[in-house]
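K.L.:
Quick one: the structure is below, questions incoming.
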Amino acid sequence: MRLLLAALLLGLAACQRQPPPRAVDVPAAGLQLRVPAGWQADSSPGSLFFALPTEQGQLIGRSFFLVASDPMRPQPSGRPASLDSYVRYKEEQGRAQARAYRVVHSERLALDGVEAELREIELSGQMEPRRSLAALLVRGHEGLLLVGSAPVDDFPRLRRDFEAVIRSLRWQAPAH
Amino acid sequence: MFKRLLIATALVLAGCQGGSDEIGSGGGSSGGVVRFIVLGDSGAPPESGDVAKIVEKVCAQRGCDFAVGAGDNIYDQGADSVDDPIFQSAFEEPYKNLDFPFFMALGNHDNSNSPLGGGGTNERGDHEVAYTAKSSKWTMPSRYYTQGWPRGSSKPVVELFVLDSSPITHFFNDLNPAWNGANLETYIAEQKTDMQAALAASKATWKFALAHHPYVSNGMHGNAGNYEGGAQPDLCALAGLISPSCRGADYKVFLEQTICDKVDVFFNGHDHELYWLKPVAACGKTHHILSGAASKHRGIQDEARNEAFYQVGDTHGFFWVELRGNRFTGAAYRVGAGGIATDVDDKGEPKPAFEMSFTK
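Line order of the protein sequences matches chains A and B.
To get this note's numbering, take the position in the first sequence, counting from 1, and add 564.
To get this note's numbering, take the position in the second sequence, counting from 1, and add 65.
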């Protein structure tokens, strides 16, 4: 009982040290995310949003979270490409670029009402193996990728934050 | 159990020997002194062979532990496969008398499928990575990588941070989906964070970056952020139509976020002259040595664009570098047609056209 109480107090203390996530707008993608307060906003060529995860104020090396987009060709019917075709397209790209590529887990979920594919992927990076948690979705004629990536050893510590950021997505304008 | 312990101890000791400061190869440098050659844009025989003749003489005189290749290793459009005979003609044959590792970076021509060298076919660069397994000298373990020297040392004299600059600067969009859109942006983000982390973790006395594309240059291609600004024809005039990254603005920011002020010297090529340019404020303490004349040459376009310790155009050539404790010495050698040293001493041996040292 005493142990349980101590654990509860420690847990509460830990919670108090964690400031709440902060909201960040990603106007180029028409969305808002909530990211851990300590993460450092940064930039990277082409990315619509780019942030570096931290732990106790220190950057977790080689790790990042980004939002990027892919222009999608409409289908012959004129309809936007489907989520299935975008998922296939991204997987083909990944397999073509990485020497090793493995889908560890995949599931469908709704991000503020829009269907998305959540995928955990392991791949050979240029310098070391990486694991990524990615959400893929289609809005109009654009494929959207939200991905948190980290070296395999660091990924388990970051996975929960990556997923929380992805699930925090809120659209700022109605889907077109 | 005891046998296993013995084997493990032997393996550890063998590993320690690999990290010794004694460097024996290629000219007898030792005692923590490291010497190497800086070649760039070397992929056009037979001129590369002419330059190699003087490299051989300089290495015999002054010592060389390794060479670095600053990209455009194979003109005009890289290799068709890992078995392409062009690796023999463009690399193995010219450097057959040099017995040390060549740490190579990718250039735009290595990632192209036309003589224009537009850099829009990045998958071709992967053949040069794969060739590492087939050559005793060519070393490019991945498209970007780090390399310490002495090899295996936990506190090397020097660590090279070799960048893959072409995907950030190409002026032809890569039509391969694997190198386009979100995939390309993720690749660049990986490279950026990998390099930031590797630089932060490095215990090397000297830290050098190596990439094909320069941060500053007084040549035709010019400074990152304004590439091709004065070139005729200016292919970047079509930017937006063929590529948004042509001027190198993204690359400039990338360098400022990664290697600027973190490395002592940034070695590169792309322009076909020899430059040792002074540090510029936006890139901190970093010196800029451009060695892009190992098989091609061109004239300086604007010698006042960036302040130089040394600059020369219209000649083939290369740099030789020595690291002795906290002292860096760089020497520029010019090479004339047929592999004749332009500058010679009383004995007719090559002497540097320029030599300078600085300490840190």
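Beta carbons are placed, not taken as given, at the ideal position from N, Cα and C, and that holds for glycine.
Is residue 691 of chain A helix, strand or coil by DSSP?
P.N.:
Translated into the one-based positions of the first sequence, residue 691 of chain A becomes position 127. Coil.
K.L.:
Rank B:169, B:207, B:378 and B:349 by C-alpha distance to the C-alpha of residue 321 of chain B and give the top, closest one.
P.N.:
Within the second sequence, residue 321 of chain B is the residue found at index 256, counting from 1. Among B:169, B:207, B:378 and B:349, the Cα nearest to that of residue 321 of chain B belongs to B:349.
K.L.:
Give me the chain B residues within the contact set of residue 653 of chain A, using Cβ-Cβ distance strictly less than 9 Å, ordered along the chain.
P.N.:
For the purposes of this step, residue 653 of chain A is taken as the residue at position 89 of the first sequence. The contacting residues are 242.
K.L.:
Let me confirm a value: residue 582 of chain A is counted as buried when at least 16 other C-beta atoms fall within 10 Å, else exposed. Which label applies?
P.N.:
What you label residue 582 of chain A is simply residue 18 of the first sequence in a count that begins at 1. Residue 582 of chain A is exposed by the Cβ-count criterion.
K.L.:
In terms of alpha-carbon separation, which member of B:181, B:195, B:258 and B:154 lies closest to residue 627 of chain A?
P.N.:
Taking the first residue of the first sequence as position 1, residue 627 of chain A is located at position 63. Checked all of B:181, B:195, B:258 and B:154; the closest Cα to residue 627 of chain A is B:258.
K.L.:
Residues of the segment 194 to 209 of chain B in Cβ contact with chain A at a cutoff of 8 Å, in chain order, please.
P.N.:
If the cut-off is 8 Å between Cβ atoms, the segment 194 to 209 of chain B has 207, 208 and 209 near chain A.
K.L.:
For residue 248 of chain B, which of helix, strand or coil comes out of DSSP?
P.N.:
As a position in the second sequence, residue 248 of chain B is number 183, starting the count at 1. Looking at residue 248 of chain B - three-state DSSP - the assignment turns out to be helix.
K.L.:
Just the Cα atoms here: how many angstroms apart are residue 663 of chain A and residue 700 of chain A?
P.N.:
The residue labelled residue 663 of chain A in the question sits at position 99 within the first sequence. The residue labelled residue 700 of chain A in the question sits at position 136 within the first sequence. So the alpha carbons of these two residues sit roughly 22 Å apart.
K.L.:
Note down the Cα distance separating residue 637 of chain A from residue 653 of chain A, rounded to an integer number of angstroms.
P.N.:
Residue 637 of chain A sits at position 73 when you count from the first residue of the first sequence. Residue 653 of chain A sits at position 89 when you count from the first residue of the first sequence. The alpha-carbon atoms of residue 637 of chain A and residue 653 of chain A are separated by roughly 12 Å.
K.L.:
So residue 420 of chain B is in the beta strand (DSSP E); what residue range does that whole segment cover?
P.N.:
Here residue 420 of chain B refers to the residue found at position 355 of the second sequence. That run of the beta strand (DSSP E) goes 419 to 424.
K.L.:
So, helix, strand or coil for residue 176 of chain B, using DSSP?
P.N.:
Numbered from its first residue, the second sequence carries residue 176 of chain B at position 111. In the structure shown, residue 176 of chain B sits in a helix (DSSP, three-state: H, G or I).
K.L.:
For residue 179 of chain B, count neighbouring C-beta atoms within 10 Å of its own C-beta (all shown protein chains included) and say buried if the count is 16 or more, exposed if not.
P.N.:
Translated into positions along the second sequence, residue 179 of chain B becomes position 114. So residue 179 of chain B ends up on the exposed side.
K.L.:
In the structure shown, what three-state DSSP assignment does residue 514 of chain B receive?
P.N.:
The requested residue 514 of chain B does not occur in the structure, where chain B is confined to residues 66 to 425.
K.L.:
Please return the same chain residues whose Cβ sits closer than 7 Å to the Cβ of residue 630 of chain A, not counting the five positions on each side in sequence.
P.N.:
Here residue 630 of chain A corresponds to residue number 66 of the first sequence, with the count starting at 1. Closer than 7 Å at the Cβ level, and outside the excluded window around residue 630 of chain A, lie 608, 611, 613, 614 and 711.
K.L.:
Alpha carbon to alpha carbon, how far is residue 131 of chain B from residue 619 of chain A?
P.N.:
The sequence position of residue 131 of chain B within the second sequence is 66, counting from 1. The sequence position of residue 619 of chain A within the first sequence is 55, counting from 1. Looking at the two C-alpha atoms, the distance is approximately 39 Å.
K.L.:
Kindly list, in the order they appear in chain A, the residues whose Cβ is closer than 8 Å to that of residue 256 of chain B.
P.N.:
For the purposes of this step, residue 256 of chain B is taken as residue 191 along the second sequence, with counting starting at 1. The contacting residues are 690.
K.L.:
Nearest to residue 227 of chain B by alpha carbon, out of A:599, A:703 and A:691?
P.N.:
Here the question's residue 227 of chain B lines up with position 162 in the second sequence. Selected option, being the one with the closest Cα: A:691.
K.L.:
Pull the bridge partners of residue 590 of chain A from the DSSP assignment, please.
P.N.:
Counting from one through the first sequence, the residue named residue 590 of chain A turns up at place 26. Partner(s): A:595.
K.L.:
What in chain B is Cβ-close to residue 630 of chain A, meaning under 9 Å?
P.N.:
In the first sequence, the residue the question calls residue 630 of chain A occupies position 66. Neighbours of residue 630 of chain A on chain B, chain order: 247, 250, 251 and 254.
K.L.:
From the beta carbon of residue 414 of chain B, is the nearest beta carbon of chain A less than 7 Å away?
P.N.:
Start at 1 with the first residue of the second sequence, and residue 414 of chain B comes out as number 349. No, residue 414 of chain B lies away from the interface with chain A (no Cβ there is under 7 Å from its Cβ).
K.L.:
Kindly indicate which residue of A:666, A:672, A:681 and A:658 has the alpha-carbon position closest to the one of residue 248 of chain B.
P.N.:
As a position in the second sequence, residue 248 of chain B is number 183, starting the count at 1. Nearest C-alpha to residue 248 of chain B: A:658.
K.L.:
Leaving out five residues before and five after residue 675 of chain A in sequence, what residues of the same chain have Cβ atoms less than 6 Å from its Cβ?
P.N.:
If you number the first sequence from 1, residue 675 of chain A lands on position 111. Excluding sequence neighbours, residue 675 of chain A sits near 733.
K.L.:
What is the DSSP secondary structure of residue 405 of chain B, reduced to helix, strand or coil?
P.N.:
Taking the second sequence and counting its residues from 1, one reaches residue 405 of chain B at position 340. Residue state, collapsed to three classes: strand.
K.L.:
By a C-beta neighbour count over all protein chains shown, 10 Å radius and 16 as the cutoff for buried, is residue 719 of chain A buried or exposed?
P.N.:
Here the question's residue 719 of chain A lines up with position 155 in the first sequence. By the 10 Å Cβ count, residue 719 of chain A comes out buried.
K.L.:
Tell me where the alpha helix (DSSP H) around residue 649 of chain A begins and ends.
P.N.:
In the first sequence, counting from the first residue as 1, residue 649 of chain A sits at position 85. Element bounds for residue 649 of chain A: 647 to 661.
K.L.:
Which residues of chain B have a Cβ atom closer than 9 Å to the Cβ of residue 709 of chain A, listed in chain order?
P.N.:
In the first sequence, residue 709 of chain A corresponds to position 145, counting from 1. By Cβ distance, chain B contributes 246, 247, 248, 250 and 251.
K.L.:
Reducing DSSP to helix, strand and coil, say where residue 210 of chain B ends up.
P.N.:
Locating residue 210 of chain B in the second sequence gives position 145, counting from the first residue. Looking at residue 210 of chain B - three-state DSSP - the assignment turns out to be strand.
K.L.:
Would DSSP call residue 376 of chain B helix, strand or coil?
P.N.:
The residue given as residue 376 of chain B occupies position 311 in the second sequence. In the structure shown, residue 376 of chain B sits in a strand (DSSP, three-state: E or B).
K.L.:
Hey, could you find the ends of the beta strand (DSSP E) residue 340 of chain B is sitting in?
P.N.:
Working through the second sequence from its first residue, we reach residue 340 of chain B at position 275. 339 to 342 is the extent of the beta strand (DSSP E) around residue 340 of chain B.
K.L.:
Let me know the secondary structure DSSP gives residue 199 of chain B once reduced to three states.
P.N.:
Looking up residue 199 of chain B in the second sequence gives position 134. The answer is coil: DSSP assigns residue 199 of chain B none of H, G, I, E or B.
K.L.:
Using only alpha-carbon positions, find the residue among B:143, B:412 and B:101 that is nearest to residue 224 of chain B.
P.N.:
As a position in the second sequence, residue 224 of chain B is number 159, starting the count at 1. The option with the nearest alpha carbon to residue 224 of chain B is B:101.
K.L.:
Which of the residues in the segment 291 to 315 of chain B, read from start to end, lie with their CB under 8 Å from any CB of chain A?
P.N.:
So the list reads 310 and 315, given in the order they occur along the chain.
K.L.:
Residues of chain A with a CB under 9 Å from the CB of residue 319 of chain B: which are they?
P.N.:
Along the second sequence, one-based indexing puts residue 319 of chain B at 254. Here the neighbours are 608 and 609.
K.L.:
Let me know the secondary structure DSSP gives residue 724 of chain A once reduced to three states.
P.N.:
As a working mapping, residue 724 of chain A is identified with position 160 in the first sequence. DSSP places residue 724 of chain A in helix when its eight states are reduced to three.
K.L.:
Is residue 413 of chain B buried or exposed, if buried means 16 or more other CB atoms sit within 10 Å of its CB?
P.N.:
Position 348 of the second sequence, counted from the start, is the residue given in the question as residue 413 of chain B. Label assigned to residue 413 of chain B: exposed.
K.L.:
Just how far apart, CA to CA, sit residue 201 of chain B and residue 111 of chain B?
P.N.:
Sequence index remark: in the second sequence, residue 201 of chain B carries index 136 (1-based). Sequence index remark: in the second sequence, residue 111 of chain B carries index 46 (1-based). So the two alpha carbons sit approximately 21 Å from each other.
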